[in-house]
Amino acid sequence: MKSIQLLPLGTLPGETLIDLSAGLRKRFGVACEVLAAQPDPAFAFNFARQQYSSTEILASLVKYGVPGNERILGVTAVDLYIPILTFVFGEAQLRGSCAVVSFHRLRQEFYGLPANSTVLRERLLKEAVHELGHTLPLAHCEDYQCVMAPSHGVEWIDLKTSEFCTTCRGAVTSHSAGVARD
7 MKSIQLLPLG
17 TLPGETLIDL
27 SAGLRKRFGV
37 ACEVLAAQPD
47 PAFAFNFARQ
57 QYSSTEILAS
67 LVKYGVPGNE
77 RILGVTAVDL
87 YIPILTFVFG
97 EAQLRGSCAV
107 VSFHRLRQEF
117 YGLPANSTVL
127 RERLLKEAVH
137 ELGHTLPLAH
147 CEDYQCVMAP
157 SHGVEWIDLK
167 TSEFCTTCRG
177 AVTSHSAGVA
187 RD
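Have a look at this one:
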């Protein structure tokens, strides 16, 4: 991966994107740029579910035409879903260049708890690294502490770290070096 472009979808707190950009630079060792904010993805809103289709948002990111060695990560505050799940924290193109994450359900306030910006930043970084990992293309990992472990609830995100396990880190390194993986 050559670089990461963060695309805010809707109005987001500026410090959130600055912190996320710094965390992604550290995890992947590449440049990370915050792009100009785009409007809320109203086109992806499902009135019956009162949520936004992450798949439709992901498809819209393709129009930004990032080169194959770069990644674009849409970041939003809206509640995401895919048809077979009640909600998702994010979605990515496996072996693609685009991913999307939402911090809607990563916020403590969603669960009736007091706001905690530190917890939100940590959760958002973990989910961003996880979704970008799918573009590299990493599958879900069985190591529950690996950032590539699946997260079916926010509690699972809190259990894992924002780092790749040894196996996943090796796969990322191999991919970055241009070594084919099967």
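Residue numbers (the numbering used here): 7 to 188. Cβ coordinates follow ideal geometry from the N, Cα and C atoms, glycine included. No experiment lies behind these values; they were computed from the predicted model shown.
| Asked | Found |
| --- | --- |
| Unbroken stretches of the alpha helix (DSSP H), 4 residues or longer, contained in the segment 109 to 162 | 123 to 140 |
| Buried or exposed by the 16-neighbour rule on C-beta atoms within 10 Å, applied to A48 | exposed |
| Residue closest to F93, alpha-carbon to alpha-carbon, out of F109, Q99, L100, C104 | F109 |
| Residues that DSSP places opposite V81 in a beta bridge | P14, V107 |
| Rounded separation between Q44 and Y150 - CA only | 34 Å |
| Distance CB(I78)-CB(Q11) smaller than 8 Å | yes |
| Closest residue to W162 among P14, C104, R111 (Cα-Cα distance) | R111 |
| Cβ shell of K8 (< 7 Å), same chain only, five flanking positions each side left out | V36, N75, E76 |
| Buried versus exposed call for G29 [16 or more other C-beta atoms within 10 Å across all chains shown] | buried |
| Cβ shell of F51 (< 7 Å), same chain only, five flanking positions each side left out | Y58 |
| Contact belief for E2 with E137 at Cβ below 8 Å, rounded distance in angstroms | In the structure as shown, the chain starts at 7 and stops at 188, and residue 2 therefore has no counterpart that could be examined. |
| Candidates D85, T173, S66, of which the one nearest A145 by Cα | T173 |
| A54 to L18 span [Cα, whole Å] | 25 Å |
| Pick from L13, F170, D164 that is closest to T82, judged by C-alpha positions | L13 |
| Of the residues V106, L23, R101, the one placed nearest V84, counting alpha carbons only | V106 |
| Within 8 Å, strictly: CB atoms of R113 and T141 | no |
| Simplified DSSP assignment, three categories, for S9 | strand |
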